[in-house]
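Participant: Structure below; questions to follow.
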Amino acid sequence: MPADTNPSGDIFGGWLMAQMDLAAGNLAARIARGRSATIAVDGMTFHKPVKVGDEVSLYADLLSSGRTSMRIHVVAWRRNRYAEESVKVTDATFTFVALDGEGRPRPISDR
Numbered sequence: 000m001p002a003d004t005n006p007s008g009d010i011f012g013g014w015l016m017a018q019m020d021l022a023a024g025n026l027a028a029r030i031a032r033g034r035s036a037t038i039a040v041d042g043m044t045f046h047k048p049v050k051v052g053d054e055v056s057l058y059a060d061l062l063s064s065g066r067t068s069m070r071i072h073v074v075a076w077r078r079n080r081y082a083e084e085s086v087k088v089t090d091a092t093f094t095f096v097a098l099d100g101e102g103r104p105r106p107i108s109d110r
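Numbering of the sequence shown is given in numbering that gives the first Met the number 0, commencing with residue 0 and proceeding in unit increments.
Shown next, in the form of structure tokens:
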């Protein structure tokens, strides 16, 4: 939406990062079978701008998991609404921790 852009009409990087965090969070919730929280994001570089009206596609994959944590890689692609070609915009690795009902880290295998 226009409120999510800078004066040049490019989508704010923070908006895109939030969408990537949501995508990673969906995968983390499925893996943890419950609540989880982002604790770190590694290495995000924006290679191309995203314009208002572009289609944004996000793909999340589990890289690794420990007793309570998961590392999830997310790649963001954009496609101009009038074009067929998609272009990679950015990628980053998000680290999540599974949480119990009190908000403390818990083993991933627990429900």
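Using N, Cα and C, we set each Cβ at its ideal position, and we do this for glycine too.
1) Which same chain residues end up closer than 8 Å to I111 when comparing Cβ atoms and leaving out the 5 residues on each side of it in sequence?
2) State the beta-bridge partners of D90 as determined by DSSP.
3) Quick one: what's I10 bridged to in DSSP?
4) Given A28, which residues of its chain have a CB within under 8 Å of its CB, disregarding the five upstream and five downstream residues?
5) Output yes if chain C places a C-beta closer than 9 Å to the C-beta of R29; else output no.
6) In this structure, does DSSP put M16 in helix, strand or coil?
7) Secondary structure at I38, three-state DSSP: helix, strand or coil?
Facilitator: With the given structure in hand:
1) Since the first residue of the chain shown is 0 and the last is 110, residue 111 is not available in this structure.
2) Indexing the sequence shown from 1 puts residue 90 at position 91. V74, per the DSSP bridge assignment.
3) As a first step, residue 10 is located in the sequence shown; it is residue number 11 there, counting from the start. Under DSSP, the beta-bridge partners assigned to I10 are T4.
4) What you label residue 28 is simply residue 29 of the sequence shown in a count that begins at 1. The answer, listed in chain order, is R34 and S35.
5) In the structure shown, chain C does not exist; there is a single protein chain.
6) Locating residue 16 in the sequence shown gives position 17, where the first residue counts as 1. Helix at M16.
7) One-based indexing of the sequence shown puts residue 38 at position 39. In this structure, I38 counts as strand in the three-state DSSP scheme.
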